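A short worksheet on the structure shown next.
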Amino acid sequence: MSEIHPLVILLAAVLTNNILLSNFLGLCSFLACGKQLDTAFGLGAAVTFVTVCTTIINYLIYHQLLLPMGLEHLQFIIFIAVIAGFVQLVEMVVERFSPSLYYHLGIFLPLITVNCAILGASLFMIIREYSFWQSAAWGLGAGLGWALAICLIAGIQQRLRFSSVPKPLAGLAITMIITGLMALAFMGFTGMAKIQ
Amino acid sequence: MAQAPVPIGGPTAKSTFLAGLWANNPIFCQILGICSALAVTTRLENSLVMGVALIFVIAMSNLAVSILRHLIPRRIRMIVEVAIIATFVIVFDQFLKGYYWEMSKQLGPYVGLIITNCIVMGRAEAYALHNKASLSVVDGIANGLGYAVILAIIGASRELIGTGKLLGYEVLSGNWYVPNHFFIYPPGAFIALGLLIWLIRAIKPQEDDSSQSGAGS
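Just so you know, the protein sequences line up as chains A and B, in that order.
All the letters of the first sequence, read from the start, carry residue numbers 1 to 196 under the working numbering.
All the letters of the second sequence, read from the start, carry residue numbers 1 to 217 under the working numbering.
Below, the structure is given as structure tokens:
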């Protein structure tokens, strides 16, 4: 398992093992924010940044602190605390340097904390027993893959607004089905790189 | 967003229960917590365990938050709630690891991901912070149950169509039924949930026009 080159992991995390399309993580903010391309782009960038950094921090904490002390069962609470603290930091930075982006993302920025994609990336890293560089590549790939998916769906949703969809199907249902078709398309990449 | 009718004199146990189960079902009406709704539903058995996990975590965290609601400072309530939820998730995870190792392996990271399941946080925030403990537990159980039922439906249909089995027993005979593996793969999950939501919304129309206005978390 630990023999895979980090670049392969990066590629696989973006395309073949996309965290949203094959592991269903981060769907809530995906559905809520995936309507405007610029919001989606901002959120995607924020999630990518947070995922990379928290994966690395969590890797270090898990292997330097929790494992030697035999406290693996605390990983959930430690990881979520790291993520929450880090998001707070990002929020302050974004508010300071890009008020317009802050205004757009609004409520969703603090809610990145409960974006399952970020916690999921850390948990998968532990389960798949990645090394340091593999973890960094996985974090980056997972974030980028999520950003790619949300930007794609935002683009589609913007077009979808001008088409007439049956009322019960509109909104959530049609989005899920489109996402399914997108996941199907991404399955076409499977032959390129494979991580479990 | 469809609001459950609240009877005069505040919510009762029964109205709270029904609201969580149907009128305000977390998955269909609030668009919450669908991440794990899809990931674990390749088999009915996994879906049932996940449903039980969620009922336990929501009920217990609602109880704890509700008891502590006057003690939690408003500014840091989020982090307190997350800590409480994480504690109960750890309890369930350790239980699963101790007694049902195989199941724990299959669910993988998704048990841990209950922490970020928006339903749990949403109920703590929206209900337990403002209501007394006994009602909060009822609300937690009802929402967990509403979630578990949907999970079971998706899990059952995916397992049945995808493999022709139900809970591991062959239901559709291999002689004439060719399993459609598409439903076991991730894209099948998205489409199955999409179709199910379509069906439910056709039966029970949403009141508001912007049916996707749920503030997903």
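By construction, the Cβ of each residue, glycine as well, lies at the ideal position given by its N, Cα and C atoms.
Small disclaimer: the values here were computed from a predicted structure and weren't measured.
Problem - Given 8 Å, three or more beta-carbon pairs between the region 75-93 of chain B and the region 135-149 of chain B - result: no
Exercise for the section: Using a Cβ-Cβ cut-off of less than 7 Å, list which residues of the region 98-109 of chain B approach chain A; keep chain order. Expected result: Gly108, Pro109
Problem - Anticipated Cβ contact below 8 Å, Ile61/A with Val82/A, distance rounded - result: To locate residue 61/A, count along the first sequence from 1; it is residue 61. To locate residue 82/A, count along the first sequence from 1; it is residue 82. Indeed they touch by this definition, with Cβ atoms about 7 Å apart.
Exercise for the section: Would you kindly work out how many angstroms separate the C-alpha atoms of Ala156/B and Met50/B, rounded to a whole number? Expected result: The sequence position of residue 156/B within the second sequence is 156, counting from 1. The sequence position of residue 50/B within the second sequence is 50, counting from 1. Roughly 13 Å between the two C-alpha positions.
Problem - Outcome for Asp139/B when other beta-carbon atoms lying within 10 angstroms are tallied against a minimum of 16 - result: As a position in the second sequence, residue 139/B is number 139, starting the count at 1. Flag for Asp139/B reads buried.
Exercise for the section: Whole angstroms is fine: what's the gap from Leu195/B's alpha carbon to Phe189/A's? Expected result: Taking the first residue of the second sequence as position 1, residue 195/B is located at position 195. Taking the first residue of the first sequence as position 1, residue 189/A is located at position 189. In a straight line, the C-alpha of Leu195/B is about 26 Å away from that of Phe189/A.
Handout entry: Arg161/A to Thr16/A span [Cα, whole Å]
Key = Counted from its first residue, the first sequence places residue 161/A at position 161. Counted from its first residue, the first sequence places residue 16/A at position 16. Straight-line Cα distance between these residues: approximately 29 Å.
Problem - Closest by C-alpha distance to Leu54/B, when choosing among Tyr100/B, Ile85/B, Leu71/B - result: Counting from 1 along the second sequence, the entry for residue 54/B is found at position 54. Of the candidates Tyr100/B, Ile85/B, Leu71/B, the one whose C-alpha sits nearest the C-alpha of Leu54/B is Ile85/B.
Exercise for the section: Count the other CB atoms, across all protein chains shown, that sit within 10 Å of the CB of Arg101/B; report buried if there are 16 or more and exposed otherwise. Expected result: On the second sequence, position 101 is the one that residue 101/B refers to. Position check: residue 101/B holds Trp in this sequence, whereas Arg was assumed. Result: exposed.
Exercise for the section: Work out the CA separation of Ile153/A and Ile197/B for me, nearest whole Å. Expected result: As a working note, residue 197/B is residue 197 in the second sequence. As a working note, residue 153/A is residue 153 in the first sequence. Distance between the alpha carbons of Ile197/B and Ile153/A is about 19 Å.
Practice task
Find the residues of chain A that neighbour Ala128/B, judging by a C-beta separation of less than 7 Å, and give them in chain order.
Solution key: Taking the first residue of the second sequence as position 1, residue 128/B is located at position 128. Residues of chain A passing the Cβ test: none, with the nearest at roughly 16 Å.
Problem - Cut-off 8 Å between Cβ atoms - residues of its own chain near Val52/B, not counting five sequence neighbours on either side - result: By 1-based counting over the second sequence, the position of residue 52/B is 52. Counting only Cβ-Cβ distances below 8 Å, and skipping sequence neighbours, we find Ala148.
Practice task
Check whether the Cβ of Pro73/B lies closer than 8 Å to any Cβ atom in chain A.
Solution key: Here residue 73/B refers to the residue found at position 73 of the second sequence. Closer than 8 Å: no.
Practice task
Compile a chain-ordered list of the residues in the region 163-175 of chain A whose CB is closer than 9 Å to at least one CB of chain B.
Solution key: Pro166, Lys167, Pro168, Leu169, Ala170, Gly171, Leu172, Ala173, Ile174, Thr175
Exercise for the section: Check Ser213/B in the structure and name its three-state DSSP category. Expected result: Locating residue 213/B in the second sequence gives position 213, where the first residue counts as 1. Any reading at Ser213/B must be qualified, since the residue scores a pLDDT of 39, below 50, and its modelled position is unreliable; no value is offered.
Handout entry: Proximal residues of chain B, C-beta to C-beta of Leu80/A below 7 Å
Key = The sequence position of residue 80/A within the first sequence is 80, counting from 1. Here residue 80/A is Ile; the residue named in the question, Leu, does not match the sequence. The contacting residues are Val82, Ala86, Ile115.
Exercise for the section: Would you mind telling me which residues of chain B sit closer than 8 Å to Gly155/A, beta carbon to beta carbon, in chain order? Expected result: Taking the first sequence and counting its residues from 1, one reaches residue 155/A at position 155. Simply none; closest approach about 17 Å.
Practice task
Just mark Pro187/B as buried or exposed, buried being the case when its beta carbon has 16 or more other beta carbons within 10 Å.
Solution key: Position 187 of the second sequence, counting from 1, holds the residue named residue 187/B. It is buried - the Cβ of Pro187/B has at least 16 other Cβ atoms within 10 Å.
Handout entry: Neighbourhood of Arg77/B by C-beta distance below 6 Å, restricted to the same chain and skipping five residues each side
Key = In the second sequence, counting from the first residue as 1, residue 77/B sits at position 77. Correct list: empty, nothing qualifies.
Exercise for the section: Could you work out which residue in Asp93/B, Asn175/B, Ser66/B is closest to Ser134/B when comparing CA atoms only? Expected result: Against the second sequence, residue 134/B aligns to sequence position 134. When each option's Cα is compared against that of Ser134/B, the closest is Ser66/B.
Handout entry: Secondary structure of Tyr185/B, DSSP reduced to three states
Key = As a first step, residue 185/B must be located in the second sequence, where it is residue number 185. Of the three classes helix, strand and coil, the one that applies to Tyr185/B here is coil, per DSSP.
Problem - Boundaries of the alpha helix (DSSP H) in which Lys105/B is found, first to last residue - result: Stepping through the second sequence from its first residue, residue 105/B is reached at position 105. Taken as a continuous stretch (DSSP letters only), the alpha helix (DSSP H) holding Lys105/B covers 101-107.
Practice task
Starting from Leu54/B, follow the alpha helix (DSSP H) in both directions and report where the run begins and ends.
Solution key: Working through the second sequence from its first residue, we reach residue 54/B at position 54. Its alpha helix (DSSP H) spans residues 44-67.
Exercise for the section: Return the chain-ordered ranges of every alpha helix (DSSP H) run that is complete within the region 37-68 of chain A and spans a minimum of 4 residues. Expected result: 37-60
Practice task
For Val40/B, collect the residues of the same chain with a Cβ closer than 7 Å to its Cβ; drop the 5 residues on either side in sequence, then sort them by chain order.
Solution key: Translated into the one-based positions of the second sequence, residue 40/B becomes position 40. Hits under 7 Å: Asn46, Ser47, Met50, Leu107, Tyr110.
Practice task
Please check the pair Ile115/B and Leu119/A, which I expect to be a contact at CB under 8 Å, by giving their CB distance rounded to whole angstroms.
Solution key: Translated into the one-based positions of the second sequence, residue 115/B becomes position 115. Translated into the one-based positions of the first sequence, residue 119/A becomes position 119. Right, the Cβ-Cβ distance comes to about 7 Å (below 8 Å), so this counts as a contact.
Practice task
Just mark Met182/A as buried or exposed, buried being the case when its beta carbon has 16 or more other beta carbons within 10 Å.
Solution key: If you number the first sequence from 1, residue 182/A lands on position 182. The residue is buried, with at least 16 neighbouring Cβ atoms inside 10 Å.
Problem - Glu129/A, DSSP secondary structure in three states - result: Locating residue 129/A in the first sequence gives position 129, counting from the first residue. Reduced to three states, the DSSP call for Glu129/A is coil.
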